[in-house]
Amino acid sequence: MRQRLLSLQERIDVTKLLHGVQTFLDRHGVPRSSIKVELVKAGKSLIGSADCKFESTRDFSGLSHHARRIATAVERAGIDMAADARQGANSFKSTRFRPEYMGEIQELLNSRKPFTSREVKLAIGRVVELSPSSINNCSSFVISALEALGVITQVGGGLYAPN
1043 MRQRLLSLQE RIDVTKLLHG VQTFLDRHGV PRSSIKVELV KAGKSLIGSA
1093 DCKFESTRDF SGLSHHARRI ATAVERAGID MAADARQGAN SFKSTRFRPE
1143 YMGEIQELLN SRKPFTSREV KLAIGRVVEL SPSSINNCSS FVISALEALG
1193 VITQVGGGLY APN
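Numbering (the numbering used here), first residue to last: 1043 to 1205.
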């Protein structure tokens, strides 16, 4: 069997296909630990272990440092917040994700109605205890990151809506 896989590996590069399958499974909430795929080429596996990360494909250079870290963390975790909001799912609840308040932000998106930055501040305040100025900063970082990820759009007058 292993020899057959190696001969197929030489003729067909399935790396992109397997990466696409893994991305699809991640978006649908299938835990990585339940999937084991092992194709060997010269002793190295093609697919990473359960804690592998996706590379960021978007340019977040226009964001502040903190907003860029949030957006990059969401993208590397393979979480599609817009798809989760459409399905009413919350991928942050089943994972240990930092910042911790992103689960509450996802719940806000799942309501599928326009929201204000004040509602974002309240969602953050329910999870972490911060000073009012820190909560203001966090909410602006989160809103900037979500806009850069294409999860929300500003619909005017300080209102934001999920895509």
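Backbone N, C-alpha and C fix where the C-beta goes; we use that ideal spot for every residue, glycine too.
* For residue 1126, which residues of its own chain have a beta-carbon under 7 Å away from its beta-carbon, when the five flanking residues on both sides are left out? -> 1132, 1133 and 1148
* **DSSP-derived helix/strand/coil call for residue 1197** => strand
* Cβ separation of residue 1186 and residue 1136, assumed to be a contact under 8 Å, to the nearest whole Å -> Their Cβ separation, rounded to whole angstroms, is 26 Å, which puts residue 1186 and residue 1136 out of contact at 8 Å.
* How many angstroms separate the CA atom of residue 1060 from the CA atom of residue 1164? -> 40 Å
* For residue 1167, collect the residues of the same chain with a Cβ closer than 7 Å to its Cβ; drop the 5 residues on either side in sequence, then sort them by chain order. => 1177
* Where residue 1203 sits in the DSSP three-state scheme -> strand
* **Boundaries (first-last residue) of the alpha helix (DSSP H) holding residue 1174** => 1174-1191
* Taking Cβ to Cβ, would you say residue 1159 is nearer than 8 Å to residue 1200? -> yes
* Determine, using beta carbons only, whether residue 1169 and residue 1150 come nearer to each other than 8 Å. => no
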